[in-house]
Structure formats: C-alpha cells, structure tokens
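Here the sequence shown is numbered in the working numbering, starting from 1307 and rising by one per residue. For glycine and all other residues, C-beta sits at the position ideal for the given N, C-alpha and C.
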Amino acid sequence: TRTSRPQRILKAVQRKATVGDPQSVITAIDHFCRHREWAMNVGDEKGSILDSVVSEVSPVTVLELGTYCGYSTVRIARLLPPGACVITLEFNPDYAAIARQVIQWSGLEDKVQLVEGASGDWIPWMKEHFGVQAFDLVFLDHWKERYLPDTKLLEECGLIQKGTVLLADNVICPGTPDYLEYVRNSPRYNSHYYRSHLEYTKAEDGLEKSVFLGY
Ligand SMILES: O=C(NC/C=C/[C@H]1O[C@@H](n2ccc(=O)cc2)[C@H](O)[C@@H]1O)c1cc([N+](=O)[O-])cc(O)c1O
Ligand SMILES: [Mg+2]
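Here it is in structure tokens:
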C-alpha cells in the first residue's frame, strides 16, 4: 500500500535535512509541502510569527496541542533555552511515531516530551504526571472544535495563570469561531490577531495570541 503523507514528509527530512540541524528540518518540510505535497504544518509564514511569540515569551514550559509530524514542535523547541521544554500531545499513534523521528533528526529530543493521547484525557494529569505548575505558552493546533473546551479545561486545572500566553493556529481557516469569540470577549484575556496566510497558500489565515490577565 501507498505510504502515508507523514511518512513521505519524514522521507523528505531524511533525504534533505542534516541530523542535529533543526533549521534544515524546517526547511526540508516547507520545501516538500510547498513544491510536492501540501500538509497541515503551521508553515514558514505563520511559523515566523510563532517564532517571534516564542522568543518574546521565552517560556520555560510550553504545551503544544497537536503534534502531527512535529514541524511546529521543532520550531518551538529550537528556540528554547537549556532547561525549558515543550510537552506536545498527539492523538494519532502513526503521526506520533513519525513526529518522534522528525524531532530526533533535529536533535531536540531532550527539549520535547511527546505524549500520545487525547488532550481532554491528559490535561487533568499534567500537574501530577509532569510536575507542571502552569504553562507559560500554549500552542493550539489540534482539532478546531477542541480549542475552546480545552482552554476551559486548562483554566479549571489551574494550568493557565496570570501571564500565560495562548497562541492559536487557524482561527480563520479552517476557523475556530467559538474559541475566538471567547478569548476576544472575555475580560480575562488580552487578545491580538496576527494576520497571515494558510500554510503554503494565498488564502487568509492567522494566529490569535491571548494573554491571560488573571482572575
Ligand atoms: O484540521 C487541522 N488541524 C487538525 C490537527 C489535528 C492534529 O492534532 C492531533 N490531536 C492531538 C490531540 C487531540 O486531543 C486531538 C487531536 C491529531 O491527531 C492531529 O495530528 C488543520 C487544517 C488545515 N486546513 O487547511 O484544512 C490547516 C491547519 O493548519 C490545520 O491545523
Ligand atoms: Mg494548523
């Protein structure tokens, strides 16, 4: 049977990227997805905005919802100082297996905790299992209908505290209307929309950054 798209993305990394060089992994995936086969990575344009937010927040603990092939995991981890880490949740075991190899190829496995399972099941265990006090940055890029319930769950679990930054992909395309309405109208968040384009296309999309102001 045919290989899967994630398998073809991994092959492109293994062919074109240098082991231990995260930028070459990012470049290889972007080149493959722009010239060979589109895939739902945050991409280079929105990726640069992600980079600037990570650099600005300089987080110690990051939560990423939706690993897929590990593209944004690598983008985030490569900017983290020693001792900082990103916990990334992936539901699909096949995607998780590919992402582990992509992250390993980039040499960033010491900065990444890839957890297999559903966000709704894992978020309540984060404190106990990973010793997380609160997240400095949360990157939402998983199922769009889960953005709002998982944000509320993170709040309830005390994993979002004053200063925590939420950064959400795809708030225009495919769109996360209920999440947007929540963070933009809540007095407890300060929200900003970074206008951009859907990865590797000319369609509009963007990232919403929402800073939690505390209770
Ligand atoms: O649908 C999109 N993303 C859904 C991503 C879902 C990912 O999150 C994981 N997950 C991890 C934990 C969970 O609890 C649930 C799922 C899934 O196993 C998958 O790996 C999407 C679609 C487009 N698009 O143009 O169509 C563009 C994008 O940038 C997108 O992100
Ligand atoms: Mg996305």
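Any heavy atom of ligand 1 closer than 6 Å to the Cβ of residue i?
i: Trp-1449; result: yes
i: Glu-1362; result: no
i: Ala-1345; result: no
i: Pro-1483; result: no
i: Ser-1502; result: no
i: Ala-1402; result: no
i: Gly-1372; result: yes
i: Ser-1354; result: no
i: Pro-1480; result: yes
i: Glu-1396; result: yes
i: Ala-1424; result: yes
In the DSSP assignment, what are the bridge partners of residue i?
i: Tyr-1495; result: Phe-1518
i: Glu-1422; result: Glu-1396
i: Leu-1504; result: BP columns for Leu-1504 are empty, so no partner.
i: Val-1348; result: Its beta-bridge partners do not exist; DSSP assigns none.
i: Leu-1444; result: Contrary to the premise, residue 1444 reads as Val rather than Leu in this sequence. Bridge partners of Val-1444: Leu-1369 and Leu-1472.
i: Gly-1512; result: Arg-1501
Are there any heavy atoms of ligand 2 lying less than 6 Å away from the beta-carbon of residue i, as far as the coordinates show?
i: Asp-1456; result: no
i: Asp-1475; result: yes
Got a sec, what are the start and stop residues for the beta strand (DSSP E) residue i sits in?
i: Ser-1367; result: Before going further, note that residue 1367 is Thr rather than Ser in the sequence given. Looking at the DSSP string, the run of the beta strand (DSSP E) that includes Thr-1367 is 1367-1371.
i: Val-1331; result: That residue, Val-1331, is in no beta strand (DSSP E); its alpha helix (DSSP H) goes 1328-1341.
i: Leu-1473; result: 1471-1474
Just curious, the alpha helix (DSSP H) that residue i is in, first and last residue?
i: Leu-1386; result: Premise fails: Leu-1386 is in no alpha helix (DSSP H) and is neither H nor E.
i: Leu-1316; result: 1311-1322
i: Glu-1434; result: 1432-1436
i: Thr-1457; result: 1453-1462
Cβ contact check for the segment 1508-1520 and the segment 1461-1479: 3 or more pairs under 8 Å
yes
Assess, as a yes-or-no matter, whether the segment 1315-1323 is touched by the segment 1338-1349 under the definition of 3 or more beta carbon pairs within less than 8 Å.
yes
Just checking, does the segment 1404-1413 make contact with the segment 1450-1462 on the three C-beta pairs under 8 Å criterion?
no
Counting Cβ pairs, one atom from each stretch, are 3 or more of them under 8 Å apart for the segment 1382-1398 and the segment 1349-1369?
yes
When the Cβ atoms of the segment 1494-1511 are set against those of the segment 1342-1350, are three or more pairs found closer than 8 Å?
yes
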